[in-house]
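Notes follow the structure.
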Amino acid sequence: MNIRPITFRKSADDILIGGCSLTDLAKEYGTPLYVLDAATIQQNCQIFTKILTEHYPNFSIAYASKAGLNIGIANLIAFEGIGADVVSGGELYTVLKSQIDPKKIYFHGNNKSIEELELAIANHIRLVVDNAYEVALIETIATRLNKKAKMMFRIKPGIEAHTHEYIKTGHIDSKFGFEFNDILPLIKKIHGSEWGEFIGIHAHIGSQIFDMNPYYDLVSILVGFMDTIYSEFGIDIPELNCGGGFGIKYTENDQAPDITDIILGMATELKLLCDGKKRPRPKLVFEPGRSIIANAGVTIYTAGTSKPISDGQQYLFIDGGMADNPRPMMYQSEYTFDVVSPSTTDQARYTIAGKFCESGDILAKNIVLPIVKPSEHIVVYGTGAYNYSMASNYNRFCKPAMILVNNNVASLLIKRETYEDIIRYDAL
Ligand code: LLP
Numbered sequence: 001m002n003i004r005p006i007t008f009r010k011s012a013d014d015i016l017i018g019g020c021s022l023t024d025l026a027k028e029y030g031t032p033l034y035v036l037d038a039a040t041i042q043q044n045c046q047i048f049t050k051i052l053t054e055h056y057p058n059f060s061i062a063y064a065s066k067a068g069l070n071i072g073i074a075n076l077i078a079f080e081g082i083g084a085d086v087v088s089g090g091e092l093y094t095v096l097k098s099q100i101d102p103k104k105i106y107f108h109g110n111n112k113s114i115e116e117l118e119l120a121i122a123n124h125i126r127l128v129v130d131n132a133y134e135v136a137l138i139e140t141i142a143t144r145l146n147k148k149a150k151m152m153f154r155i156k157p158g159i160e161a162h163t164h165e166y167i168k169t170g171h172i173d174s175k176f177g178f179e180f181n182d183i184l185p186l187i188k189k190i191h192g193s194e195w196g197e198f199i200g201i202h203a204h205i206g207s208q209i210f211d212m213n214p215y216y217d218l219v220s221i222l223v224g225f226m227d228t229i230y231s232e233f234g235i236d237i238p239e240l241n242c243g244g245g246f247g248i249k250y251t252e253n254d255q256a257p258d259i260t261d262i263i264l265g266m267a268t269e270l271k272l273l274c275d276g277k278k279r280p281r282p283k284l285v286f287e288p289g290r291s292i293i294a295n296a297g298v299t300i301y302t303a304g305t306s307k308p309i310s311d312g313q314q315y316l317f318i319d320g321g322m323a324d325n326p327r328p329m330m331y332q333s334e335y336t337f338d339v340v341s342p343s344t345t346d347q348a349r350y351t352i353a354g355k356f357c358e359s360g361d362i363l364a365k366n367i368v369l370p371i372v373k374p375s376e377h378i379v380v381y382g383t384g385a386y387n388y389s390m391a392s393n394y395n396r397f398c399k400p401a402m403i404l405v406n407n408n409v410a411s412l413l414i415k416r417e418t419y420e421d422i423i424r425y426d427a428l
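Structure, rendered in structure tokens:
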């Protein structure tokens, strides 16, 4: 997978994405500006759907909408036959308003509220259950609404994936999910009940994972759990959800695995294990987020001035920063930068500093770029995932607009916030 969108083209004085000039987009829509390339999202979806259609046709892909969601993105994903993983009432509400097939929606969360569960159960959404208290809530709500809730259990597989501490989830002390043995009495309670249907198990081992081995371990651990469920209850689970987390390349230093290899490897392993045990193959579900949308997105900034630092570098100021991209501050994430229309080939060493009132508001340290003059544009690649969705109004910053580019046409996906929006909910 490329760092840049697949439609990226560079000339001496501009960069084009989806056939649209970044200079023109910046002029028309202002900066900071998120730009998403439809063709890259489509291609990323098709990487999953193509390999699985060929090798494991009983599958479902649920885009992890926390990576980036609005109605436009949801409709683009729906067109590729993909569903959604949602983790809140807000995400659920958004996808229910889109063309995504409700049968392909999975609702996660370690502390779902009664209102959230009601919305999900009323719409027959698949629930990824996190704890026993949630099962009790579901029983009450489903009984009251006279519905049968579809439930899969999230399990901690006990796998240590090597990624940032904050985005690790499969280890045994994770706040998410059950220890396997704890789900057995719950399966017993649900099985054959009026109010609930047990549809399978789920595990997600973390995010931005480069090593393929934990994924293969995951399949064999989950098949072991499937065996136990079969021998205890005689149930062959209908669905096996292996989560997401596939690592992608943000910089040339990243050694990201090929997604096709991982998916094919996991599907093949699952087939072999099920066939070997003469058990039916469950529906295989994946929940990719970053690997669908990260490299489809770029952010355009306008440079301000630069300021010397004692070690020979300079700060280069941009008109955004931690509020539109908190990832470098939260996870020490690194990105790839370019100058859209450089006015010189002479280079300088820069630390890219945002405009927010925090010394830590730094998007990159010690990178080499052509010398940048005030009002020139900088582009950052790979900002399609977890940038807008984690953006804030810190310092009463107006969240930027997001544009979809497709075949030389730019369309507004999300409007830029205004100062009026900033005071809209001030009630006194
Ligand atoms: N499924 C579940 C249950 C998840 O918790 C997540 C991500 C995914 C799927 C999708 O993972 P992906 O394919 O996007 O790696 N804010 C962090 C990432 C947090 C991921 C949380 N869960 C970041 O900016 O790197």
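First residue of the sequence shown: 1, per the working numbering; consecutive thereafter. C-beta: ideal position from N, C-alpha, C; glycine also.
- Output the residue ranges of the alpha helix (DSSP H) runs that lie fully inside the region 47-89 and measure 4 residues or longer, sorted by chain position. 71-79
- Message: Which of the three DSSP states is assigned to asparagine 236 in this structure?
- Response: Within the sequence shown, numbered from 1, the residue matching residue 236 stands at position 236. A quick correction: the sequence has aspartate, not asparagine, at residue 236. DSSP places aspartate 236 in coil when its eight states are reduced to three.
- Under the criterion of a Cβ to heavy atom distance below 7 angstroms, does aspartate 258 qualify as lining the ligand LLP? Here residue 258 is taken as the residue at index 258 of the sequence shown, counted from 1. Not under cutoff, so the answer is no.
- Task: Look up arginine 126 in the DSSP assignment and say whether it is helix, strand or coil.
- Result: Against the sequence shown, residue 126 aligns to sequence position 126. Strand.
- My understanding is that asparagine 387 touches proline 5, with C-beta atoms under 8 angstroms, so please give their C-beta distance in whole angstroms. Working through the sequence shown from its first residue, we reach residue 387 at position 387. Working through the sequence shown from its first residue, we reach residue 5 at position 5. That pair is no contact at about 14 angstroms.
- Whole-angstrom distance between isoleucine 114 and aspartate 101, CA atom to CA atom: On the sequence shown, position 101 is the one that residue 101 refers to. On the sequence shown, position 114 is the one that residue 114 refers to. C-alpha separation (whole angstroms): 23 angstroms.
- Message: Mapping the DSSP letters down to three states, classify glutamate 179 as helix, strand or coil.
- Response: Numbered from 1 along the sequence shown, position 179 holds the residue referred to as residue 179. Coil.
- Task: For leucine 270, count neighbouring Cβ atoms within 10 angstroms of its own Cβ and tell me buried if that reaches 16, exposed if not.
- Result: Within the sequence shown, residue 270 is the residue found at index 270, counting from 1. That one is buried.
- proline 288 to isoleucine 77, Cα distance in whole Å? Here residue 288 is taken as the residue at index 288 of the sequence shown, counted from 1. Here residue 77 is taken as the residue at index 77 of the sequence shown, counted from 1. Straight-line Cα distance between these residues: approximately 12 angstroms.
- Query: Pick from Glu118, Asp182, Ala353: whose alpha carbon is nearest that of proline 308?
  - Reply: For the purposes of this step, residue 308 is taken as the residue at position 308 of the sequence shown. Looking at the Cα atoms, Ala353 is the closest of the given residues.
- Message: So, with DSSP's three-state summary, where would you put tyrosine 93?
- Response: As a first step, residue 93 is located in the sequence shown; it is residue number 93 there, counting from the start. Three-state DSSP puts tyrosine 93 in a helix.
- Query: When the Cα of alanine 401 is compared with those of Ile61, Pro185, Lys415, which residue comes out closest?
  - Reply: Numbered from 1 along the sequence shown, position 401 holds the residue referred to as residue 401. Closest option to alanine 401, Cα to Cα, is Lys415.
- Short check: CB of asparagine 58 to CB of lysine 283, under 8 angstroms? Residue mapping note: residue 58 aligns to position 58 of the sequence shown, counting from 1. Residue mapping note: residue 283 aligns to position 283 of the sequence shown, counting from 1. Yes; because the gap between Cβ atoms is below 8 angstroms, this pair is in contact.
- So, helix, strand or coil for alanine 385, using DSSP? Here the question's residue 385 lines up with position 385 in the sequence shown. In this structure, alanine 385 counts as coil in the three-state DSSP scheme.
- Task: Tell me whether the beta-carbon of isoleucine 516 lies closer than 8 angstroms to the beta-carbon of asparagine 44.
- Result: Residue 516 lies beyond the residue range present for the chain, which begins at 1 and ends at 428; the question has no answer from this structure.
- Unbroken alpha helix (DSSP H) run spanning glutamate 420, endpoints: Sequence index remark: in the sequence shown, residue 420 carries index 420 (1-based). Run containing glutamate 420: 419-423, per the alpha helix (DSSP H) assignment.
- Query: How is the beta strand (DSSP E) around arginine 327 delimited, first residue to last?
  - Reply: The count along the sequence shown starts at 1 and reaches residue 327 at position 327. Premise fails: arginine 327 lies in the alpha helix (DSSP H), 327-331, not in any beta strand (DSSP E).
- Query: Roughly how many whole angstroms lie between the Cα atoms of serine 220 and leucine 273?
  - Reply: To locate residue 220, count along the sequence shown from 1; it is residue 220. To locate residue 273, count along the sequence shown from 1; it is residue 273. If you take the alpha carbons of serine 220 and leucine 273, they lie about 8 angstroms apart.
- Message: Can you tell me whether lysine 271 is helix, strand or coil according to DSSP?
- Response: For the purposes of this step, residue 271 is taken as the residue at position 271 of the sequence shown. Correct three-state label for lysine 271: helix.
- Message: Using only the alpha-carbon positions, how far apart do glycine 276 and threonine 268 sit?
- Response: Position 276 of the sequence shown, counted from the first residue, corresponds to residue 276. Position 268 of the sequence shown, counted from the first residue, corresponds to residue 268. Using only the alpha carbons, I get a separation of about 12 angstroms.
- Query: If we ignore side chains and look at the alpha-carbon of each, how far apart do glycine 320 and threonine 305 end up?
  - Reply: Along the sequence shown, read from residue 1 onward, the residue named residue 320 stands at position 320. Along the sequence shown, read from residue 1 onward, the residue named residue 305 stands at position 305. Using only the alpha carbons, I get a separation of about 13 angstroms.
- Throw me the rounded Cβ distance for the glycine 265 and histidine 202 pair, which I believe falls under 8 angstroms. To locate residue 265, count along the sequence shown from 1; it is residue 265. To locate residue 202, count along the sequence shown from 1; it is residue 202. Incorrect: roughly 19 angstroms between the Cβ atoms, too far for contact.
- Task: Evaluate isoleucine 403 with the Cβ neighbour count: other Cβ atoms within 10 Å of its Cβ, from every protein chain shown; 16 or more gives buried, anything less gives exposed.
- Result: Numbered from 1 along the sequence shown, position 403 holds the residue referred to as residue 403. It is buried - the Cβ of isoleucine 403 has at least 16 other Cβ atoms within 10 Å.
- Query: Is the region 249-263 touching the region 339-351, taking contact as three or more C-beta pairs under 8 angstroms?
  - Reply: no
- Beta-carbon proximity list for glutamate 358, same chain, < 7 angstroms, skipping 5 on both sides: Against the sequence shown, residue 358 aligns to sequence position 358. Closer than 7 angstroms at the Cβ level, and outside the excluded window around glutamate 358, lie Met322.
- For methionine 390, the three-state DSSP class (helix, strand or coil): Taking the first residue of the sequence shown as 1, we reach residue 390 at position 390. Three-state DSSP puts methionine 390 in a helix.
- Alpha-carbon spacing of threonine 299 relative to tyrosine 315, whole angstroms: Stepping through the sequence shown from its first residue, residue 299 is reached at position 299. Stepping through the sequence shown from its first residue, residue 315 is reached at position 315. Distance between the alpha carbons of threonine 299 and tyrosine 315 is about 19 angstroms.
- Message: What does DSSP give as the partner residue(s) for glutamine 347 in the beta ladder?
- Response: Here residue 347 refers to the residue found at position 347 when the sequence shown is read from its first residue. DSSP output for glutamine 347 lists Pro370 as bridge partner(s).
- Could you tell me the distance, in whole angstroms, from the CA atom of proline 157 to the CA atom of tyrosine 56? Looking up residue 157 in the sequence shown gives position 157. Looking up residue 56 in the sequence shown gives position 56. Going from the Cα of proline 157 to the Cα of tyrosine 56 covers about 23 angstroms.
- Query: At a cut-off of 7 angstroms, is glutamate 358 close to the ligand LLP when judged by its beta-carbon and the heavy atoms of the ligand?
  - Reply: Here residue 358 refers to the residue found at position 358 of the sequence shown. Outside the cutoff, so no.
- So, do the region 79-94 and the region 326-336 have three or more beta carbon pairs nearer to each other than 8 angstroms? no
- Task: Would you decide whether glutamate 430 is buried or exposed? Buried here means 16 or more other CB atoms lie within 10 Å of its CB.
- Result: Nothing can be reported for residue 430: it is not among the residues displayed for the chain, which extend from 1 to 428.
- Count the other CB atoms, across all protein chains shown, that sit within 10 Å of the CB of arginine 9; report buried if there are 16 or more and exposed otherwise. Stepping through the sequence shown from its first residue, residue 9 is reached at position 9. With fewer than 16 Cβ atoms within 10 Å of its Cβ, arginine 9 is classed as exposed.
- Buried or exposed: alanine 161, going by 16 or more other Cβ atoms within 10 Å of its Cβ? The residue given as residue 161 occupies position 161 in the sequence shown. Buried is the call here.
- Task: Look at leucine 25 and leucine 33 and say whether their C-beta atoms are less than 8 angstroms apart.
- Result: In the sequence shown, residue 25 corresponds to position 25, counting from 1. In the sequence shown, residue 33 corresponds to position 33, counting from 1. A contact, by the Cβ cut-off of 8 angstroms.
- Query: Which of helix, strand or coil does DSSP assign to aspartate 254?
  - Reply: For the purposes of this step, residue 254 is taken as residue 254 along the sequence shown, with counting starting at 1. Coil at aspartate 254, not helix or strand.
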